[in-house]
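Quick mapping for you: the protein sequence lines, in order, are chains E and L.
The numbering of the first sequence is the numbering used here, which starts it at 680 and goes up by one.
The numbering of the second sequence is the numbering used here, which starts it at 73 and goes up by one.
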Amino acid sequence: MYRYDEFDTQLVQERVAQFSGQVARRLAGEITEDQFKPLRLMNGVYLQLHAYMLRVAVPYGTLSGKQMHMLAHIARKYDKGYGHFTTRQNIQYNWPTLKDIPAILTDLASVEMHAIQTSGNCIRNVTSDQYAGAAAEEIDDPRIWSEIIRQWSTFHPEFTYLPRKFKIAVAGMHTDRAAIRFHDIGIEIVAGKDGKPAFDIFVGGGQGRTPMIAPLIGTAIPADDLIAYLEATLRVYNMNGRRDNLYKSRIKILVHAIGADEMRRQVEEEFAHVKEQGALALPEAEIERIRAYFSPPAYETLSDTSAKLDQAMSANKAFANWVKTNIATHKQPGYAIANISLKPVGGVAGDASADQMDVIADLATAYSFDEMRITHEQNITFAHVKKDDLFALWQKLEDVGLGTSNLALITDHIVCPGLDYCALANARSIPISQQIAECFADLDRQHNIGELKIKISGCINACGHHHVGHIGILGVDKKGTEFYQISLGGSADENASIGEIVGPAFTEDELVGAIENIVETYLSTRQTDERFIDTYRRIGKDPFKENLYATR
Amino acid sequence: MAQHTNKRATTQSVTANRLIDGEVVYLTAAGEWSDWLKDAAVADGKEACQALLAKALPFVASQHIVDPYLFEISVEDGVIIPSSVREKIRMAGPTIRLDLGKQAVGT
């Protein structure tokens, strides 16, 4: 893992001191809300329905055991005993008081954490693939490049007041677990001509009220040019992005308006200009310095088969189910990638109690080299677990309600906080997720249905990624009553697609029946080994729509 | 005006969030702020509503509350009931965590 150097430490401590002073002046009545709001947003503090909300950055989702323990401590001491892990691989606390925020930030700084750039019109927390450093087909570890981008973008003076927020994601291989094509900039690491990593740069993707798939703008950009290329892209956006209309201010609108070819031309022109100045080439030594932080852990030399694992799977069906869904292949023989679902049936997607966080922290220390990753799908990944240890790990997870076997199944949803917490929401999301999960709780039924990603947003801002759900659900408000619009066929992976609205919206009471209807259409139509998304792409929207509205 | 204010509403109260902790509060007839909707002043008609909202503004200046706005209510058997789901949730707390928010405290 990356560790702070003296500059990081100083930056964060100075920011804590600065914001503590701003909070004190606000509480003393020396500055108004209009003056304070942009300052608090730059430090991750929102005002939600019931209370303030603090969003804490987890760079590319990576945490040590010590850091997770601190998140638990904050939940317990300053909040209501839990936290909410988000699609930007961050954590949000829903109930802090303003007067406690300086103390929380001080505690966070003690474990090399902060809330900087988790809001505001700046470059936000960089996200990445939770299987970084563990996936066999990886070209290069995306955490190295995410960390370099984090350092470059932190307090970048030119990009602190962009037309709108700006999100960057990095994938280390073509298989995309980081939804890179739905980011302002999505980066896919590819093999460069010189054997070094290079970067395909997708620009102008996003969700919200205008979902767009990012086109490829830069192809195989060499490693030492990465920052210069990003700088050129940001500069084109900063100069030409719209500031007159909030809804048209993201880079996706600019790219759409001028076209990918013109965007590419402008970026390349600026890139050439930046390179002429010669200031931004990444030094090889600096890349290697960062790379060293992400060196492979001290793996044991093991056989890839584990008799212990095989025996446990034979003896315990629940564990075998967990292995079937929540375990992924690791590049190192004898190791596996273990995913902890934060989607227990009846729970709140992405929420973890302080006690659970403490257990997760201890288990990461014991079983995964003291390190874990928050995923953009609101789960937690232990990237390096010995196969021999999987049963013991699962038992300990089960003890605290974290052994749910549903990764990528119909009960594993992305869910925004919705109208239960969010000041922007039009409808509730969490109860919808809970009702669907309860309907499909039977694990055999879930396994029979197979991979099916449901994503739920409580408003058009699409924090619940509904546009890219195999089944997407969008909550809308009609004269004070919640309705839910269903879209089908979205996907956030390397075969990116935006879901199509299937028809008129449903009431809360009708919604679960509608989801069952869609699943029945899939089950009765699918061919061998066809996932929901495959069937949808083969037969299209109409058969689903016909069945869904047949009785209305 | 806050986007969640219903411009056609006739019967309304004023709500805000308290500066120090973000708690949902309601303006009372006595010109104070209460945590509980039952204490809220009720205004009928456009002029009365605007007059009620105007009473809230000095508390913004004095840094007691933030973002005051009018919201639609009805009064049934003497009980004030918010019209929108949003205000029902603000009044009580998250619908999926009955142990949190005002609903956990009771009145």
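Backbone N, C-alpha and C define an ideal beta-carbon position, used for all residues, glycine too.
- L777/E is positioned such that its CB atom lies no closer than 8 angstroms to that of L172/L.
- The three-state secondary structure of F973/E, taken from DSSP, is coil.
- The C-alpha of L1103/E lies about 24 angstroms from the C-alpha of H793/E.
- Membership of Q84/L in any alpha helix (DSSP H) is not indicated; the residue belongs instead to the beta strand (DSSP E) covering T83 to R90.
- Counting other Cβ atoms within 10 Å of its Cβ, M918/E stays below 16 and is therefore classed as exposed.
- Using a Cβ-Cβ cut-off of 8 angstroms, V96/L is close to L728 and H729 of chain E, given in chain order.
- Interface flag for Q175/L against chain E is unset, since no Cβ pair is found closer than 8 angstroms.
- Interface flag for T87/L against chain E is unset, since no Cβ pair is found closer than 8 angstroms.
- For D1099/E, the chain L residues whose C-beta falls within less than 8 angstroms of its own C-beta are I161, P166, T167, I168 and R169, listed in chain order.
- Contacts with chain L at 8 angstroms (Cβ-Cβ) do not include Q1164/E.
- Closest option to K1134/E, judged by alpha-carbon separation, among Y1163/E, I1150/E and G1097/E: I1150/E.
- As the crow flies, the alpha-carbon of L1122/E is around 33 angstroms from that of I161/L.
- Taking 8 angstroms as the threshold, the shortest C-beta distance from T833/E to chain L does not fall below it.
- The distance from the Cβ of A899/E to that of G874/E is about 13 angstroms, inconsistent with a contact at the 8 angstroms cut-off.
- Under a criterion of Cβ atoms nearer than 7 angstroms, no residue of chain L is adjacent to L784/E; the nearest Cβ is some 17 angstroms distant.
- With respect to chain E, the C-beta atom of D93/L has a partner C-beta closer than 8 angstroms.
- Close to S156/L, with beta-carbon spacing below 7 angstroms, are these residues of chain E in chain order: G1159.
- With its beta carbon at least 8 angstroms from every one in chain L, P901/E lies outside the interface.
- With fewer than 16 other CB atoms across the displayed protein chains lying within 10 angstroms of its CB, G1192/E is exposed.
- According to DSSP, residue pairing for Q771/E in a beta bridge involves R734/E and H763/E.
- F1162/E and V1155/E have their alpha carbons spaced roughly 5 angstroms apart.
- Put simply, of G762/E, S1176/E, L1167/E and E1173/E the residue whose alpha carbon is nearest the alpha carbon of V1198/E is L1167/E.
- When 7 angstroms is used as the limit between beta carbons, K745/E is near no residue of chain L, the shortest such separation being about 28 angstroms.
- Between the alpha carbons of G760/E and W774/E lies a gap of roughly 10 angstroms.
- When DSSP states are grouped into helix, strand and coil, R169/L belongs to the coil group.
- An exposed status is given to D983/E, since fewer than 16 other beta-carbon atoms sit within 10 Å of its beta-carbon.
- Identification of residues in the region 1098-1127 of chain E having a C-beta nearer than 7 angstroms to some C-beta of chain L yields L1098, D1099, Y1100, R1107, I1109, P1110 and Q1113, given in sequence order.
- Of the other Cβ atoms in all chains shown, 16 or more fall within 10 Å of the Cβ of T1200/E; this residue is therefore buried.
- Here M680/E carries a coil assignment [DSSP, helix/strand/coil].
- Taken through DSSP and simplified to helix, strand or coil, W105/L comes out as strand.
- For the pair of segments examined, the region 809-817 of chain E was found to touch the region 1051-1066 of chain E: the number of CB pairs separated by less than 8 angstroms reaches three.
- By the criterion of a C-beta distance shorter than 8 angstroms, K1003/E is surrounded in its chain by S1084 and H1126, once the five residues flanking it on both sides are discounted.
- When Cβ-Cβ separations below 8 angstroms define contact, S106/L makes no contact with chain E.
- For S146/L, not one C-beta of chain E is nearer than 8 angstroms to its own C-beta.
- In the displayed model, I847/E falls within a strand according to three-state DSSP.
- At a beta-carbon threshold of 8 angstroms, the residues of chain L lying near G708/E are S134 and Q135, ordered along the chain.
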